DNA sequence: CTAAAGGTATACCGATTTGTCTACATAAAG
DNA sequence: CTTTATGTAGACAAATCGGTATACCTTTAG
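Protein chains in written order, with the working numbering: chain X, 1005 to 1195; chain R, 1005 to 1195.
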C-alpha cells in the first residue's frame, strides 16, 4: 500500500507501453486511483517521477539479469545465460518484466536524444551497469585488458542489436542469433 | 519554395532532435514560418504529416546508403562500405543526414511501440528495404537461401547494435566494431 | 490529547494541444 | 474575366498539459 511505489509502477507501465511524452500526469493518477496532491507530495515534478521510474526499472531489470547470469558458472555459461535470458524476455516468458516493448532505456534515449539530458544519462548508466556484468563473464574466461574492454563492447553491441531487431523488426529469435554470433567472437579470440 | 516540402523538412529536423510527441504543430509552424491553414491544406492531420516525414526520411536515408554501397564492388566491398557509411553518419561526416541522433525509425518505434501502429509499420518497412540492400551484397558473394536470410539478419543485427551503441552509450567507434564482427561472421561461414 | 504525516477529492491556474474558421492576397489557367 | 489553387494572419474552440490550492479525513506517535 505504498502510494509512492504504486505511482512508480503505474507510471512505468504506461511510459513503457506508450512512451513518456505521450503519458500525462492525469492518466497516471486515474489509472492508479491516487490523488494529485499525493503525487506532488512524493515527487517535486513529473521529471522527478520519471527519474524515479528509470531507477526503479534499472534496479528491477539489472537484478533480474544479474540473478540469471550469476546462477550459472561465470564465463561461457554466464554469457550463454545472458542471451537466453534476453530470449525469454523478448518472448514474454518473464512475467516480472512486463510485456516486451523494447528496452525502456533505449526508448527513453530515443525520446530524450541529447546525451546531456538527465534522463539520457540515467539510461547510459544503466547500460554501463549491464556492461560490467558482461565484463566479469569475460574476465572469468581469462581475458584481460585491453582485450576485455573491446570484447565487452562487442557483446554489448550484440545485445543491443538483438533487442532492437526484436522490437522494431519483430524478429523474436534475435537473441538466439546474438548468442550464436557471440560464440563466433569468442572462438575467433581464442583461435 | 514548395511549402509542403518545407513543412516536412522542418518537421523532420524537430522530430529527429526532440522526439515526435514532444514537438507540437505550432512549433513546426513557427520554425518554418508557414501559416497553419497551409499545413492543414497539405496534410489532413498531424498524423498525416508524421507519415510524410517518415517517408521523406526513408527515401533520403535509403538513397544515400544505397548510393554509397552501390558505388563499390558488390560483396565484401559493399558490406565494408555499408559499415563505413554508418561510421561517417555516426561521426557527423554526412551533412546530408543532419546531426546524428540515433536512427529516426528506431526512435519512432520507441515512441509508437505497438507493432500494429501505422508509424511502427512504416519504420519496419524501412528496415526491410535496408535488409534487401544487405541481402544483395551477400548474394554477390555466392551465399544462397536459406543461409543468405540468416546472414542478412546477422548483419542487420550488427548494424542496429552499432547505431544504438553509438547513440545511447555514446560509442562513436561502434560502426567500426560492427564491421570487424561482420568480417568474423563471413570468415566463419566460408571456413 | 494533540500534532504531524499522509491521504482523498476537486476546483482552479495559465499555458499549450490539435484542429477549424473567417477574411484577405496572389498567381496561374481556362 | 473569372475560377481555382495556394498562400498569410490570426482568432477561436475544446481539450489537455503540469502544477497549485483549499478543505477535509484518517492514522500514528509523542
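Using N, Cα and C, we set each Cβ at its ideal position, and we do this for glycine too. Since we're looking at a predicted model, the values are computed, not measured.
Please identify the residue among the options whose C-alpha is closest to the C-alpha of residue i.
i: residue 1016(X); options: 1050(X), 1005(X), 1045(X); result: 1050(X)
i: residue 1151(X); options: 1119(R), 1065(R), 1079(R), 1181(R); result: 1181(R)
i: residue 1170(X); options: 1193(R), 1078(R), 1113(R); result: 1113(R)
i: residue 1108(X); options: 1186(X), 1168(X), 1193(X); result: 1168(X)
i: residue 1086(R); options: 1192(R), 1174(R), 1008(R), 1156(R); result: 1156(R)
i: residue 1178(X); options: 1092(X), 1103(X), 1124(X); result: 1092(X)
i: residue 1037(X); options: 1056(X), 1014(X), 1023(X); result: 1014(X)
i: residue 1025(X); options: 1111(X), 1154(X), 1130(X), 1161(X); result: 1111(X)
i: residue 1077(X); options: 1142(X), 1154(X), 1028(X), 1005(X); result: 1142(X)
i: residue 1064(R); options: 1028(R), 1048(R), 1134(R), 1119(R); result: 1134(R)
Return the CA-CA distance between residue i and residue j, expressed in angstroms with no decimal places.
i: residue 1163(X); j: residue 1149(X); result: 21 Å
i: residue 1068(X); j: residue 1136(R); result: 37 Å
i: residue 1090(X); j: residue 1008(R); result: 43 Å
i: residue 1121(R); j: residue 1144(X); result: 44 Å
i: residue 1066(X); j: residue 1033(R); result: 43 Å
i: residue 1158(X); j: residue 1084(X); result: 15 Å
i: residue 1188(X); j: residue 1101(X); result: 29 Å
i: residue 1174(R); j: residue 1104(R); result: 11 Å
i: residue 1161(R); j: residue 1052(R); result: 30 Å
i: residue 1193(R); j: residue 1099(R); result: 36 Å
i: residue 1124(X); j: residue 1058(R); result: 24 Å
i: residue 1030(R); j: residue 1070(R); result: 35 Å
i: residue 1190(R); j: residue 1088(X); result: 24 Å
i: residue 1039(X); j: residue 1097(X); result: 34 Å
i: residue 1186(X); j: residue 1154(X); result: 13 Å
i: residue 1060(R); j: residue 1138(X); result: 39 Å
i: residue 1048(X); j: residue 1028(X); result: 15 Å
i: residue 1146(X); j: residue 1005(X); result: 47 Å
i: residue 1075(R); j: residue 1195(R); result: 28 Å
i: residue 1119(X); j: residue 1119(R); result: 27 Å
Do residue j and residue i come within 8 Å of each other at the CB atom, strictly closer than that value?
i: residue 1082(X); j: residue 1073(X); result: yes
i: residue 1165(R); j: residue 1106(X); result: no
i: residue 1126(X); j: residue 1176(X); result: no
i: residue 1140(R); j: residue 1021(X); result: no
i: residue 1018(R); j: residue 1042(R); result: no
i: residue 1130(X); j: residue 1184(X); result: no
i: residue 1115(R); j: residue 1023(X); result: yes
i: residue 1132(R); j: residue 1172(X); result: no
i: residue 1046(X); j: residue 1011(X); result: yes
So, helix, strand or coil for residue i, using DSSP?
i: residue 1173(X); result: coil
i: residue 1145(R); result: coil
i: residue 1006(X); result: coil
i: residue 1195(X); result: coil
Do residue i and the ligand FAD come close, with the Cβ less than 7 Å from some heavy atom?
i: residue 1151(X); result: By its list of ligands, the structure shown contains no ligand whatsoever, and the ligand FAD lies outside what it can speak to.
Which full runs of the alpha helix (DSSP H) of 4+ residues lie inside the region 1044-1131 of chain X, going along the chain? 1050-1074, 1080-1094, 1108-1115
Mind listing, in chain order, the continuous alpha helix (DSSP H) runs of no fewer than 4 residues lying wholly within the region 1018-1044 of chain R? 1029-1036
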